[in-house]
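Residue numbers (this note's numbering), protein chains in the order written: chain H, 41 to 461; chain B, 41 to 461.
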């Protein structure tokens with residue numbers, strides 16, 4: 041019988057505190073869904089033998105695949121191997137090949153393997169050992185009475201390549217012919233209810249299709265996400281369905297969709313700049329450098345990012361950006377003429393092709409009845425397009441106002457570059 | 041018997057995808073630990089009746105307190121209320137007071153309550169209704185055969201004040217006299233193994249104390265965290281123990297500890313600047329504005345943040361920061377003389393008291409054998425201190441190099457301001 045359902049168990053008391061969260065399960069979920077295997081329950085369990093055994097036993101009652109992360113280290117706290125062997129009733133044996141590898145790993149650094157690391161070479165009978173190129177803890181794969189049980193280390197850079205190997209190897213062989221195919225649309229500049237209104241009639245039709253399409257709308261800071269997925273044994277058909285549904289949604293949501301391939305806004309803007317051989321510069325006040333920081337998060341961005349100026353007070357807006365004093369006095373720092381002058385100033389100083397000016401009130405202080413917290417003015421200058429300036433009202437805390445401001449500014453750059461092509 | 045153990049169940053199929061993660065459990069864990077209640081297992085379950093019932097049944101076998109978040113909405117997908125009533129064998133009754141409140145909430149917006157919202161007024165017999173000031177879904181508190189069962193909505197801004205009320209009210213009454221007291225130290229500029237070496241002898245003593253102290257070392261990007269906690273009925277004693285242990289650790293780790301009260305680095309630096317009435321400006325190359333963005337994430341930072349310049353290429357370093365062309369030609373853009381010249385340039389242009397210059401290679405491209413990816417030069421100028429400049433070698437991806445660079449620069453500002461006091 042093909043494997044269809046999965047449960048993920050993250051092991052480690054540090055994941056039960058107030059500062060750490062399990063994120064490995066996102067990666068694992070993504071890879072499993074590529075095999076048509078759906079995650080039904082995820083758990084986090086401390087380094088406690090009886091809790092771990094109970095959660096594992098329950099997982100076996102309902103999941104075809106159980107994936108553990110963590111608890112494979114060499115110390116007494118690392119219980120995953122032992123508990124899995126106990127629950128499945130499998131004796132442990134010492135695997136000399138693993139022991140040799142761990143010894144060699146230490147030897148390469150001129151060290152002798154500590155005795156405690158022998159534990160990592162203990163293997164439940166019948167387990168397939170999964171090589172760990174990035175650490176000492178090997179992983180394990182067990183085929184047990186119709187269940188696949190996978191034990192992986194906790195650190196993502198060890199876990200991820202090992203799980204990729206499991207998915208390509210033993211899990212792939214045991215998965216069914218059906219796979220889950222996905223696509224996503226990322227939208228900004230439209231509220232969730234507007235997106236829902238536009239998407240709903242399209243969704244409804246595809247949901248009743250054959251095979252049915254699963255659809256989700258998720259609202260996040262500065263964007264709305266539409267996620268579509270189809271489970272099908274016929275990959276060409278599934279991809280065609282997703283392409284068609286995406287095409288219909290693009291028709292309904294148009295210019296508000298900034299990404300249909302998972303790229304972030306700063307990557308989309310960067311790719312547009314690169315394709316057209318243009319450079320960008322920004323003059324930021326309330327966003328404090330976040331716009332430039334997002335642009336420069338993208339590898340290769342030095343090809344199109346020129347320079348930026350962050351000018352918090354009026355004196356610096358004059359000195360660093362040549363904003364006329366009279367303009368500041370007449371309209372105030374948070375005003376459309378000043379935003380345009382900031383963009384013009386950074387363009388003149390750097391010679392960049394595209395220039396952004398942002399000025400606003402991020403809060404929590406500084407608001408007035410006329411210009412409350414969240415008032416942000418954005419100006420964009422781009423070749424072949426009219427100068428853009430608009431006043432926004434954003435809602436939320438300081439960092440949320442900052443993010444939404446940069447999102448709106450980048451989105452405007454995107455649309456001006458796309459339109460003027 | 042006092043409540044001591046807890047389990048948290050987050051409900052919602054959207055939390056089982058690849059883009060969303062349950063973070064409510066961090067808040068709940070923190071509040072529970074204030075009552076001496078420890079979380080042993082956390083789960084995420086989709087909108088599935090049988091999975092939800094099974095996970096709840098198992099939680100009841102081992103946890104004194106079970107906290108649900110999510111699944112309290114008005115639709116058929118929202119199953120938490122029904123499943124809890126089913127498992128506990130409690131009949132549901134319609135609560136007219138809740139119904140009136142939901143109706144009034146809609147009426148305030150000029151709307152009639154949709155029939156579907158009647159579901160939110162269904163209450164298992166004996167439940168205490170928890171008012172939700174920020175949404176329609178009320179919460180529920182059940183006292184059942186020695187277990188406390190709490191049902192909360194998923195959105196954090198609805199969940200958090202409601203859970204605060206539960207902790208101050210019914211949970212507090214049922215918790216024991218013991219509470220968990222915590223403190224943390226945040227360290228930067230020292231590797232995990234160095235921190236461990238320094239902390240271990242101190243830890244060992246406190247761990248064997250009475251009551252014993254729990255200790256954890258966690259390595260994160262750009263910092264190492266030490267977490268200490270004591271469970272005690274005597275709050276004064278616990279706090280004294282934590283103060284003493286913290287004092288010993290501060291003695292051993294000294295200037296590398298940047299925060300002992302949960303403040304982030306950018307808050308610590310901001311508070312130092314504010315206390316001394318100083319302003320700051322930065323000239324950033326490879327960090328692309330991240331340093332300034334972190335500083336300006338702090339409410340009130342406009343009091344001490346002057347301005348910043350982001351200069352990616354050499355022409356802009358000359359034009360915007362007055363870095364001499366000869367210096368760039370002789371030493372290269374990533375060099376100590378250039379970092380100092382950048383800091384001097386931004387200081388001269390803005391008149392800020394403290395000036396930072398950062399230049400480096402964030403990668404993945406741009407590295408050379410002499411200056412590999414991760415090479416970052418940081419300079420800091422501060423009143424009453426010698427000019428600082430140092431070349432770092434950071435490890436990791438582009439965004440990690442960026443973050444570590446800003447962390448090292450802010451930490452240097454912190455130390456120079458603390459030293460020159």
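Beta carbons: idealized from backbone N, C-alpha and C, even for Gly.
Go to residue i, then tell me how far its alpha helix (DSSP H) extends in each direction, as first and last residue.
{"i": "residue 120/H", "result": "120-128"}
{"i": "residue 112/H", "result": "Run containing residue 112/H: none; DSSP gives neither H nor E here."}
{"i": "residue 77/B", "result": "Taken as a continuous stretch (DSSP letters only), residue 77/B belongs to no alpha helix (DSSP H), as it is neither H nor E."}
{"i": "residue 210/B", "result": "210-214"}
{"i": "residue 385/B", "result": "376-390"}
{"i": "residue 241/H", "result": "232-247"}
{"i": "residue 360/B", "result": "354-361"}
{"i": "residue 140/H", "result": "136-148"}
{"i": "residue 313/H", "result": "305-316"}
{"i": "residue 324/B", "result": "No alpha helix (DSSP H) holds residue 324/B; the beta strand (DSSP E) holding it covers 320-324."}
{"i": "residue 158/H", "result": "Where residue 158/H is concerned, there is no enclosing alpha helix (DSSP H), given that its DSSP letter is neither H nor E."}
Taking the continuous beta strand (DSSP E) assigned at residue i, which residues delimit it?
{"i": "residue 296/B", "result": "Per DSSP, residue 296/B belongs to no beta strand (DSSP E) and is neither H nor E."}
{"i": "residue 342/B", "result": "Element bounds for residue 342/B: n/a, residue is neither H nor E."}
{"i": "residue 254/H", "result": "253-260"}
{"i": "residue 98/B", "result": "First-last for residue 98/B: 89-102, but that is the alpha helix (DSSP H), not the beta strand (DSSP E)."}
{"i": "residue 162/H", "result": "162-164"}
{"i": "residue 467/B", "result": "Only positions 41 to 461 of chain B appear in this structure, which leaves residue 467/B out of reach."}
{"i": "residue 430/B", "result": "428-433"}
{"i": "residue 53/B", "result": "Premise fails: residue 53/B is in no beta strand (DSSP E) and is neither H nor E."}
{"i": "residue 225/B", "result": "219-227"}
Does the beta-carbon of residue i have 16 or more other beta-carbons within 10 angstroms, so that it is buried, or is it exposed?
{"i": "residue 433/H", "result": "exposed"}
{"i": "residue 69/B", "result": "buried"}
{"i": "residue 48/H", "result": "buried"}
{"i": "residue 261/H", "result": "exposed"}
{"i": "residue 410/H", "result": "exposed"}
{"i": "residue 408/H", "result": "exposed"}
{"i": "residue 373/H", "result": "buried"}
{"i": "residue 250/B", "result": "exposed"}
{"i": "residue 53/H", "result": "buried"}
{"i": "residue 57/B", "result": "buried"}
{"i": "residue 98/B", "result": "buried"}
Could you give the C-beta distance for residue i and residue j, rounded to a whole number, given that I count them as a contact under 8 Å?
{"i": "residue 55/B", "j": "residue 81/B", "result": "The pair is not a contact, with the Cβ atoms about 16 Å apart (cut-off 8 Å)."}
{"i": "residue 343/B", "j": "residue 364/B", "result": "At roughly 33 Å, the Cβ-Cβ gap does not stay under 8 Å, so residue 343/B and residue 364/B are not in contact."}
{"i": "residue 266/B", "j": "residue 224/B", "result": "7 Å"}
{"i": "residue 192/H", "j": "residue 108/H", "result": "7 Å"}
{"i": "residue 349/H", "j": "residue 336/H", "result": "Not a contact, Cβ separation roughly 14 Å."}
{"i": "residue 44/B", "j": "residue 310/B", "result": "Not confirmed; about 40 Å, so no contact."}
{"i": "residue 328/H", "j": "residue 332/B", "result": "5 Å"}
{"i": "residue 176/H", "j": "residue 145/H", "result": "6 Å"}
Would you kindly work out how many angstroms separate the C-alpha atoms of residue i and residue j, rounded to a whole number?
{"i": "residue 347/H", "j": "residue 291/H", "result": "36 Å"}
{"i": "residue 92/B", "j": "residue 103/H", "result": "14 Å"}
{"i": "residue 169/B", "j": "residue 453/B", "result": "51 Å"}
{"i": "residue 259/H", "j": "residue 415/H", "result": "22 Å"}
{"i": "residue 248/B", "j": "residue 438/B", "result": "43 Å"}
{"i": "residue 194/H", "j": "residue 64/H", "result": "8 Å"}
{"i": "residue 186/B", "j": "residue 119/B", "result": "24 Å"}
{"i": "residue 233/H", "j": "residue 420/H", "result": "28 Å"}
{"i": "residue 457/H", "j": "residue 387/B", "result": "36 Å"}
{"i": "residue 425/H", "j": "residue 449/H", "result": "15 Å"}
{"i": "residue 163/B", "j": "residue 244/H", "result": "32 Å"}
{"i": "residue 67/B", "j": "residue 203/B", "result": "9 Å"}
{"i": "residue 301/B", "j": "residue 51/H", "result": "28 Å"}
{"i": "residue 166/H", "j": "residue 96/H", "result": "19 Å"}
{"i": "residue 272/H", "j": "residue 197/B", "result": "39 Å"}
Is it the case that the CB of residue i approaches a heavy atom of the ligand GTP more closely than 6 Å?
{"i": "residue 84/B", "result": "This structure lacks the ligand GTP; in fact it carries no ligand of any kind."}
Q. Is it a yes or a no for the segment 264-278 of chain H touching the segment 345-357 of chain H, going by three-plus beta-carbon pairs under 8 Å?
A. no
Q. Pairing CB atoms from the segment 316-331 of chain B with CB atoms from the segment 391-398 of chain B, are three or more of them under 8 Å?
A. yes
Q. For the segment 133-141 of chain H against the segment 72-80 of chain H, are there 3 or more C-beta pairs whose distance is under 8 Å?
A. no
Q. Are the segment 323-340 of chain H and the segment 443-452 of chain H touching, with three or more C-beta to C-beta distances below 8 Å?
A. yes
Q. Taking contact to mean at least 3 C-beta pairs separated by less than 8 Å, is the segment 148-160 of chain B in contact with the segment 109-128 of chain B?
A. yes
Q) Do the segment 219-239 of chain B and the segment 284-300 of chain B meet, that is, are 3 or more Cβ pairs less than 8 Å apart? A) yes
(Q) When you compare the segment 410-429 of chain B with the segment 373-387 of chain B, are there three or more beta-carbon pairs, one atom per stretch, that lie closer than 8 Å? (A) yes
Q: Could you tell me whether the segment 334-342 of chain B touches the segment 300-314 of chain B, where touching means 3 or more Cβ pairs closer than 8 Å?
A: yes
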